[in-house]
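Peer 1:
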Amino acid sequence: MSEETHLWREELGAYLVGALDAEEAERMRVHLEGCPACRAEYAELAPVAGLLAKVPAEAFFTAADSGAAPDPAMWDRLRARAGLPAPGVAGSPSDVRLRANPTLPGGQRPGGPVRPQQPSPSTRPSPRRARRSMHPSTAALISGVLVAAAAFGLYAGTRPSTKADTAGIETVSAVNAADGVSGTVQYRPTDWGSWVQITLKGVKPGDDCVLYATDGHGNKAVASTWWAPSLTSEAATIPGGVAMDAADIKNFQVTTTAGEVLLTVPAS
Amino acid sequence: MKRSFSRAARPAGAAAESPARADEERLRALYEQYSGPLFGYVLRQTHGDRQAAEDIVQETLLRAWTHPDALDPDRGSVRAWLFAVARNLIIDAVRARQARPREVGEDRLGEDWAGSVPDPADDAFDQTLDALQMAEALDALSDEHRAVIVETYYRGASVAEAAKALGVPPGTVKSRTYYALRALRSAFAERGLTR
Chain C
1 MSEETHLWRE
11 ELGAYLVGAL
21 DAEEAERMRV
31 HLEGCPACRA
41 EYAELAPVAG
51 LLAKVPAEAF
61 FTAADSGAAP
71 DPAMWDRLRA
81 RAGLPAPGVA
91 GSPSDVRLRA
101 NPTLPGGQRP
111 GGPVRPQQPS
121 PSTRPSPRRA
131 RRSMHPSTAA
141 LISGVLVAAA
151 AFGLYAGTRP
161 STKADTAGIE
171 TVSAVNAADG
181 VSGTVQYRPT
191 DWGSWVQITL
201 KGVKPGDDCV
211 LYATDGHGNK
221 AVASTWWAPS
231 LTSEAATIPG
241 GVAMDAADIK
251 NFQVTTTAGE
261 VLLTVPAS
Chain U
269 MKRSFSRAAR
279 PAGAAAESPA
289 RADEERLRAL
299 YEQYSGPLFG
309 YVLRQTHGDR
319 QAAEDIVQET
329 LLRAWTHPDA
339 LDPDRGSVRA
349 WLFAVARNLI
359 IDAVRARQAR
369 PREVGEDRLG
379 EDWAGSVPDP
389 ADDAFDQTLD
399 ALQMAEALDA
409 LSDEHRAVIV
419 ETYYRGASVA
429 EAAKALGVPP
439 GTVKSRTYYA
449 LRALRSAFAE
459 RGLTR
C-alpha cells in the first residue's frame with residue numbers, strides 16, 4: 001500500500017472511536033467514498049469499535065463513581081446468597097455463652113443491634129460473644145432486617161457447621177389475632193444453651209423488638225433484638241440465642257422495647 | 269491499593285485458615301472495593317430502582333467470587349470485567365421485564381426504566397461475543413493500546429485531548445487507536461468470534 005493510504009488507515013481508528021474533530025471526520029468520510037481499500041478496512045474494524053460498548057464506560061471512569069451507596073445490610077444478604085455462614089463467633093463455647101442477667105432486663109441485648117440509647121458500654125455484650133453462628137440454610141432466610149453483625153460491622157469467622165447443628169430443631173408457631181402479628185420460632189439445644197430463630201410477620205415498621213425466652217424456673221432471657229423491617233407484609237427472620245437448656249424453655253415472647261407484648265409462642 | 273481476589277495470589281499465611289474463611293475474605297474484598305462503584309452505575313441504569321440494583325450488584329459480585337480465575341487484579345481488568353457482567357445482568361433484567369405482561373400501576377412505580385436501556389439486539393456484531401470476552405480482549409491489549417482506547421472511546425476524548433492526557437503526539441494517538449482496534453480484532457479472531 002502507498003504511504004498515503006497507510007496514513008488514512010491510521011486515521012480510521014480515531015474516526016471509528018469518534019475522536020476526530022469535525023473537519024477531520026468529514027475528510028475521512030469523503031476519502032472512504034473514493035477508497036475501496038479503506039472501506040474494506042472500515043467494514044472490518046467498525047464492529048470491533050461497536051463492541052467496545054459492551055463494557056460500560058463507567059468501568060474506566062472512576063471519577064464518575066456516584067455517591068449512591070448500597071444499603072449497609074447488603075453485605076449480609078450477599079453472604080447469605082453466597083451460602084456463607086452468617087456472621088458469628090469463633091472460639092470456645094464459653095466465648096459464645098449468652099448470659100442471662102436478671103439485673104439487666106432490656107439492657108442485655110445479645111444478638112441485637114447496638115443502639116445509641118444503650119445503657120452503657122459495660123452492659124453491652126461484646127460482638128465476639130453476642131452472636132451465634134447460623135447454619136447457611138437459615139442464613140439464607142435473612143432479609144431486610146438489621147442484625148447485630150451489620151450494626152457492628154462484624155464478620156468474624158464462624159465455627160464450621162456440622163450435621164449436628166441441624167439436628168433436633170423444634171418448630172413452634174403462634175398468631176396474635178388482636179394485632180395481626182404471627183411468628184414461627186425454631187430452636188435447638190447447643191453446647192452453650194439454645195439456638196433460637198424467629199420468623200415474624202405483621203410487625204409495625206420500625207418497631208424495636210425483643211425476643212424473650214422463659215424457662216420453667218421463671219428465668220426470662222433475651223434471645224435477640226431487632227428493628228422490624230420497613231414493610232409490614234415482609235416476614236423477617238431473626239437469629240438469636242439464649243443460655244438456657246432448650247428442654248427447659250416454656251415459651252417465647254416478642255415485645256417492643258416499650259414493653260408491649262406482640263406475640264407469645266408456647267414451646268413444644 | 270493492591271488487593272487479591274484470586275486463590276492463587278493469597279498470602280501464605282492464609283493457608284492456615286479454613287477454606288470457608290478464605291472464601292469469605294475474597295467475597296468481602298470484592299464487596300468492599302466494588303459494591304459502591306457498581307451500585308452507582310447500576311442504580312443509574314435502573315433509574316433509581318434500589319432493589320433491582322442491589323440484586324444485580326450482588327449477582328455480579330457472586331459471579332466474580334465463583335470465578336476467581338477470571339479475575340487478575342494485577343492487570344487492572346477486574347473493574348472492567350465486573351462492569352461488563354453488571355451490564356449483561358441489566359440487559360437480562362430488561363429482557364425479563366419486557367417479556368412479562370405489564371402490571372397495573374407499574375408506570376407509577378417507576379419500573380419502566382427497562383424501556384430506556386438500549387436494545388441489545390442493536391449490537392452490530394456477533395451476539396456470541398459477550399461483554400466478558402470484550403473485557404478480556406481489552407485486558408489482552410498492551411498497556412499503551414488499552415490506555416488510548418480508554419481515553420478516546422470510553423472517556424470520549426478527542427485526539428488532541430487524548431494526546432495531552434497520555435503525553436504523546438496526536439499522530440501517535442491516531443496510530444495507536446488504529447492498531448489497538450486491529451489488535452482487538454485479532455483477539456476476537458483467535459477466539460473464533462469473527463468470520
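Chains as they are written, first to last, in the working numbering: chain C, 1 to 268; chain U, 269 to 463. Ideal Cβ positions, reconstructed from N, Cα and C, are used throughout, including at glycine.
#1: I'd like to know whether the C-beta atoms of Trp-349 (chain U) and Ala-82 (chain C) end up nearer to each other than 8 Å.
#2: With 16 as the cutoff for other CB atoms within 10 Å, does Leu-20 (chain C) come out buried or exposed?
#3: What residue does the beta strand (DSSP E) around Arg-188 (chain C) start on, and which one ends it?
#4: Going by C-alpha distance, which of C:Gly-193, C:Gln-197 and C:Pro-189 is nearest Gly-183 (chain C)?
#5: What residue range is occupied by the uninterrupted alpha helix (DSSP H) comprising Thr-214 (chain C)?
#6: Jot down the residue ranges of each uninterrupted beta strand (DSSP E) in the stretch 20–71 of chain C, minimum 3 residues, whole runs only, in chain order.
#7: Going by the CB atoms, is the gap between Val-265 (chain C) and Ala-174 (chain C) shorter than 8 Å?
#8: By the 10 Å Cβ neighbour count, where 16 or more other Cβ atoms means buried, how is Glu-292 (chain U) classified, buried or exposed?
#9: Following the continuous alpha helix (DSSP H) through Ala-433 (chain U), name the residue where it begins and the one where it ends.
#10: Give me the Cα-Cα distance between Asp-380 (chain U) and Lys-204 (chain C), rounded to the nearest whole angstrom.
#11: Measure from the C-beta of Arg-9 (chain C) to each C-beta in chain U and report whether the shortest distance is under 8 Å.
#12: In three-state terms, what does DSSP make of Ala-327 (chain U)?
#13: At a CB distance below 7 Å, what residues from the stretch 8–27 of chain C approach chain U? Give them in sequence order.
#14: Give me the residue from C:Arg-77, C:Asp-71 and C:Lys-54 with the minimum Cα distance to Ile-358 (chain U).
#15: Quick one: is Val-242 (chain C) near chain U, going by C-beta distance under 8 Å?
#16: Please decide whether Asp-360 (chain U) counts as near chain C, where near means a Cβ-Cβ distance under 8 Å.
#17: Considering Lys-442 (chain U), what are the terminal residues of the alpha helix (DSSP H) in which it resides?
#18: Taking Cβ-Cβ distances below 8 Å as the criterion, which residues of the stretch 32–52 of chain C are in contact with chain U?
#19: Answer with yes or no whether the minimum CB distance from Thr-256 (chain C) to chain U is below 8 Å.
#20: Is the distance from the Cβ of Leu-400 (chain U) to the Cβ of Glu-419 (chain U) below 8 Å?
#21: Please state the DSSP three-state secondary structure of Ile-359 (chain U).
#22: Taking 8 Å as the threshold (beta carbon to beta carbon), is Gln-253 (chain C) in contact with chain U?
#23: Could you compute how far the alpha carbon of Glu-412 (chain U) sits from the alpha carbon of Val-310 (chain U)?
#24: In three-state DSSP terms, what is Ala-258 (chain C)?
#25: Could you pull out every residue in the same chain whose Cβ sits closer than 7 Å to the Cβ of Thr-171 (chain C), ignoring the five residues on either side in sequence?
#26: Taking Cβ to Cβ, would you say Ala-354 (chain U) is nearer than 8 Å to Ala-408 (chain U)?
#27: Taking its Cβ as the centre, do 16 or more other Cβ atoms sit within 10 Å of Leu-7 (chain C), making it buried, or is it exposed?
#28: On a Cα-Cα basis, can you pick out the residue from C:Glu-58, C:Asp-76, C:Leu-45 and C:Ile-249 that is closest to Ile-238 (chain C)?
#29: In the DSSP assignment, find the beta strand (DSSP E) that holds Ala-174 (chain C) and state where it starts and stops.
#30: Since Asn-251 (chain C) sits in a beta bridge, which residues does DSSP pair it with?
#31: Could you give the DSSP three-state label for Pro-85 (chain C): helix, strand or coil?
#32: Take the Cβ of Gly-308 (chain U) as the centre, count every other Cβ of all protein chains shown within 10 Å, and call the residue buried at 16 or more, exposed below.
#33: Any C-beta of chain C sitting closer than 8 Å to the C-beta of Ile-417 (chain U)?
#34: Whose C-alpha, out of U:Arg-423, U:Arg-453, U:Pro-336 and U:Ile-417, is nearest the C-alpha of Thr-440 (chain U)?
#35: Going by DSSP in three states, Gly-424 (chain U) sits in which element: helix, strand or coil?
#36: Along chain C, which residues have their Cβ under 8 Å away from the Cβ of Gln-326 (chain U)?
Peer 2: Taking the structure as given:
#1: no
#2: buried
#3: 181–190
#4: C:Gln-197
#5: From DSSP, Thr-214 (chain C) is part of no alpha helix (DSSP H) but of the beta strand (DSSP E) over 208–215.
#6: none
#7: yes
#8: buried
#9: 427–434
#10: With a pLDDT of 46 at Asp-380 (chain U), under the threshold of 50, the modelled position of that residue is not reliable, and no figure is offered here.
#11: yes
#12: Per the sequence presented here, residue 327 (chain U) reads as Glu, with Ala not at that position. Three-state DSSP puts Glu-327 (chain U) in a helix.
#13: Arg-9, Glu-10, Glu-11, Leu-12, Gly-13, Ala-14, Leu-16, Val-17, Ala-19, Leu-20 and Asp-21
#14: C:Lys-54
#15: no
#16: no
#17: 438–458
#18: Glu-44, Leu-45, Ala-46, Pro-47, Val-48, Ala-49, Gly-50, Leu-51 and Leu-52
#19: no
#20: no
#21: helix
#22: no
#23: 29 Å
#24: coil
#25: Thr-184 and Gln-186
#26: no
#27: exposed
#28: C:Asp-76
#29: 170–176
#30: C:Thr-214 and C:Pro-266
#31: coil
#32: buried
#33: yes
#34: U:Ile-417
#35: coil
#36: Met-74, Arg-77, Leu-78 and Arg-81
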